[in-house]
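Okay, structure first, notes after.
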Amino acid sequence: MSKATMKQKIAPTSGTGGLSSLSNFKSSQNYLWNTNAVLGKGATGAVYFGHNKHNGETVAVKCFNHLSHMRPYEVQKREFEVLKKVNHENIVKLLAIEEESDTKQKVLVMELCTGGSLFNILDDPMNSNGLEEKEFLL
1 MSKATMKQKI APTSGTGGLS SLSNFKSSQN YLWNTNAVLG KGATGAVYFG
51 HNKHNGETVA VKCFNHLSHM RPYEVQKREF EVLKKVNHEN IVKLLAIEEE
101 SDTKQKVLVM ELCTGGSLFN ILDDPMNSNG LEEKEFLL
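The opening residue of the sequence shown carries number 1 in full-length UniProt numbering; numbering runs sequentially from there.
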């Protein structure tokens, strides 16, 4: 799938409401994501809405910031290996570890979860007494 085709599929979450310029798109070998389509941000990076270039599958792509790269590569590698092994219905699935085409920095490609963040779920008044055990026990 070309960048032009993907540009039509990945709409930004903010801005003027129109499509973003191609400069807002990043890619790896198999995935394309829009840096304006932010799903979330944290201490180690940001997560963006993306697509598989070959089949159009929607995914979440985590890009790490400069602070996360201060950790030794072996520590990061070990964390990636653990993430690859985790397989549970209540934990987001890691689909791939790839390199961003321009920077060659590692990105995590994960299944897209559209139910909101854990914080938002816990902050919901319906869950003011916490979640039921069946919702979070492994």
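The beta carbon of each residue, even a glycine, is placed where N, CA and C say it ideally should be.
Tell me whether Asn-36 sits in a helix, a strand or coil according to DSSP, three-state version.
strand
Kindly indicate which three-state DSSP category Leu-118 falls into: helix, strand or coil?
helix
Anyone know if the C-beta pair for Asn-59 and Val-107 falls short of 8 Å?
Contrary to the premise, residue 59 reads as Val rather than Asn in this sequence. Against a cut-off of 8 Å, the Cβ pair of Val-107 and Val-59 comes out as no contact.
CB of Tyr-73 within 8 Å of CB of Val-61, strictly:
no
Is DSSP giving Glu-99 helix, strand or coil here?
strand
Give me the Cα-Cα distance between Arg-71 and Glu-111, rounded to the nearest whole angstrom.
25 Å
Three-way DSSP call (helix, strand, coil) for Leu-108 in this model:
strand
Residue closest to Ser-23, alpha-carbon to alpha-carbon, out of Asn-30, Thr-35 and Tyr-31
Thr-35
Can you tell me whether DSSP reads Leu-67 as helix, strand or coil?
coil
So, Gln-105 versus Phe-64, is the Cβ gap smaller than 8 Å?
yes
Coarse secondary structure for Asn-90, derived from DSSP in three states:
coil
Residue interval of the alpha helix (DSSP H) (run including Lys-84)
73-85
Under three-state DSSP, which class holds Ser-23?
helix
Beta bridge counterpart(s) of Asn-55 as assigned by DSSP:
Paired residues: none, contrary to the question.
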